[in-house]
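Chemist:
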Amino acid sequence: MASYMLRRLIGSVIVMWAVATLVFFMLRLVPGDPIAAMLADAGGPDEIEAMKRSLGLDRSVFVQYVIWFQNMLQGDLGNSIYGSRVAVTSVLSEAIPRTLSLSLLAFVIALAIAVPAGILSATRRNSATDTTVSLFAFLGLSMPDFWLAILLIIVFAANLQWLPAIGYVPLAEGFWPWLRHLILPAIAIGTAFSAIIARMIRSSLLEVLKADYMRTARAKGLTPWMVMFGHALPNAMIPVITVIGIAFALLISGAVVVENVFAIKGLGRVLIEGILNRDYPVVQGAVLVVSAIFVFSNLIVDLLYGVIDPRIRLN
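Each residue of the sequence shown is one higher than the one before, counting from 1 in full-length UniProt numbering.
1. Start and end of the alpha helix (DSSP H) containing residue 277?
2. Which class does residue 126 belong to by DSSP, given the choice of helix, strand or coil?
3. Examine the Cβ distances between the stretch 4 to 18 and the stretch 289 to 304 and report whether three or more of them are shorter than 8 Å.
4. Which residues mark the beginning and the end of the alpha helix (DSSP H) in which residue 145 is found?
5. Do you know offhand how far residue 124's Cα is from residue 208's?
6. Check residue 106 in the structure and name its three-state DSSP category.
7. When you compare the stretch 255 to 271 with the stretch 212 to 224, are there three or more beta-carbon pairs, one atom per stretch, that lie closer than 8 Å?
8. Residue 139: which of 198, 107, 216, 90 sits nearest, CA to CA?
9. Based on Cα-Cα distance, which residue from 160, 164, 149 lies nearest to residue 187?
10. Under DSSP, the alpha helix (DSSP H) around residue 321 begins and ends at which residues?
11. In angstroms with no decimal places, state the Cα-to-Cα distance between residue 278 and residue 101.
12. Is the stretch 188 to 195 touching the stretch 168 to 178, taking contact as three or more C-beta pairs under 8 Å?
13. To the nearest angstrom, how far is the alpha carbon of residue 20 from that of residue 53?
14. Going by DSSP, which residues form a beta bridge with residue 79?
15. If you draw a straight line from the C-alpha of residue 363 to the C-alpha of residue 293, how long is it?
16. Could you give the residue range of the alpha helix (DSSP H) that holds residue 177?
17. Just checking my contact of residue 288 with residue 95 at CB under 8 Å: how many whole Å lie between their CB atoms?
18. I need the boundaries of the alpha helix (DSSP H) containing residue 3, first residue and last residue.
19. Round the Cβ separation of residue 158 and residue 165 to the nearest angstrom and send it over; I've been treating them as touching at under 8 Å.
20. Between the C-alpha atoms of residue 132 and residue 86, what's the straight-line distance to the nearest angstrom?
21. What's the call for residue 284, buried or exposed, on a 16-neighbour Cβ count within 10 Å?
22. If we count the other Cβ atoms within 10 Å of its Cβ and call it buried at 16 or more, is residue 213 buried or exposed?
23. Output yes or no for whether 7 Å exceeds the beta carbon distance between residue 286 and residue 276.
24. Going by the CB atoms, is the gap between residue 255 and residue 99 shorter than 7 Å?
25. Report the rounded CA-to-CA distance for residue 232 versus residue 115, giving the unit in angstroms.
26. Where do the N-terminal and C-terminal ends of the alpha helix (DSSP H) with residue 73 fall, by residue?
27. Would DSSP call residue 213 helix, strand or coil?
28. Quick one, are the C-beta atoms of residue 317 and residue 282 less than 7 Å apart?
29. Tell me which same chain residues have a C-beta within less than 6 Å of the C-beta of residue 8, skipping the five on either side of it?
30. Evaluate residue 145 with the Cβ neighbour count: other Cβ atoms within 10 Å of its Cβ, from every protein chain shown; 16 or more gives buried, anything less gives exposed.
31. Quick check: the Cα distance between residue 70 and residue 30, rounded to an integer number of angstroms?
32. Under three-state DSSP, which class holds residue 220?
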């Protein structure tokens with residue numbers, strides 16, 4: 001297990017480096033001059049050149065990359081080249097807790113809906129319950145995140161005035177204020193993913209319930225509860241865990257649009273603003289964080305395989 005984890009960690013670091021390197025060079029292939037766009041009519045050619053020299057953008061792309069890579073290894077992601085020019089680590093340290101809080105809450109909501117719905121649908125195949133769950137699953141998959149987010153704002157924030165429509169409150173200021181500001185965007189993001197996971201649980205459980213050892217478990221006189229949660233569900237969870245791991249990583253990308261709807265300045269908004277402003281350091285830092293979330297989500301899923309099913313050996 002230790003050697004497997006070491007190999008996976010090394011592979012994860014290589015993937016993150018490759019993604020960050022690709023983004024670094026692709027940003028500089030995009031037409032346009034970020035300094036000229038930033039200064040607009042406020043500066044002439046001399047001012048633009050002086051700004052480039054101060055930011056190191058007058059050097060060759062490869063020299064810029066070497067400097068950026070060396071600084072990154074020391075934990076320095078540089079400073080924003082737009083606006084107040086704050087440190088990228090400061091921008092990300094403010095945005096990451098917001099995105100992770102939103103994604104984790106949406107993930108919990110998705111599982112709370114999907115697991116019982118998937119089990120009910122599988123155990124009551126072709127019944128009214130199965131049809132209802134399938135209908136809601138297809139509705140959840142077909143509704144765009146931003147449309148559901150706007151609908152939730154209209155109903156619960158504008159009309160009923162139960163919950164706030166915009167903003168974010170840190171968890172340090174209280175659990176309830178934090179939850180009130182995140183519950184609507186979390187529902188908007190988690191609904192579609194609950195539909196995906198519920199359909200996956202249903203399909204996987206239907207395959208397991210037809211297996212010979214399930215008939216043996218029933219013949220031994222085990223209660224339906226023990227048959228389902230002691231035998232069927234653990235054996236059905238391997239493909240489900242794979243989908244859940246991918247879904248959690250995709251929640252980060254799904255949060256981009258919803259964060260803008262609810263005016264939450266998380267990683268999504270930071271990344272979009274950085275791209276629009278051609279703010280190289282901010283975009284590079286945000287992409288590095290997002291790629292790390294994707295990579296380590298997959299690593300955790302691989303490790304969970306061996307925990308759920310001891311027959312799987314991670315060699």
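Cβ coordinates follow ideal geometry from the N, Cα and C atoms, glycine included.
Modeler: Quick look at the numbers:
1. First-last for residue 277: undefined, no H or E at that position.
2. coil
3. yes
4. 145 to 152
5. 14 Å
6. helix
7. no
8. 198
9. 149
10. This structure leaves residue 321 out entirely; the chain is present only between 1 and 315.
11. 27 Å
12. no
13. 23 Å
14. 87
15. The chain is shown only over 1 to 315; residue 363 falls outside these bounds and no answer can be derived.
16. 175 to 209
17. Residue 288 to residue 95, Cβ: 13 Å. No contact.
18. 2 to 29
19. 7 Å
20. 51 Å
21. buried
22. exposed
23. no
24. yes
25. 13 Å
26. 61 to 73
27. helix
28. Because the chain here runs from 1 to 315, residue 317 falls outside it and cannot be looked at.
29. 299
30. buried
31. 24 Å
32. coil
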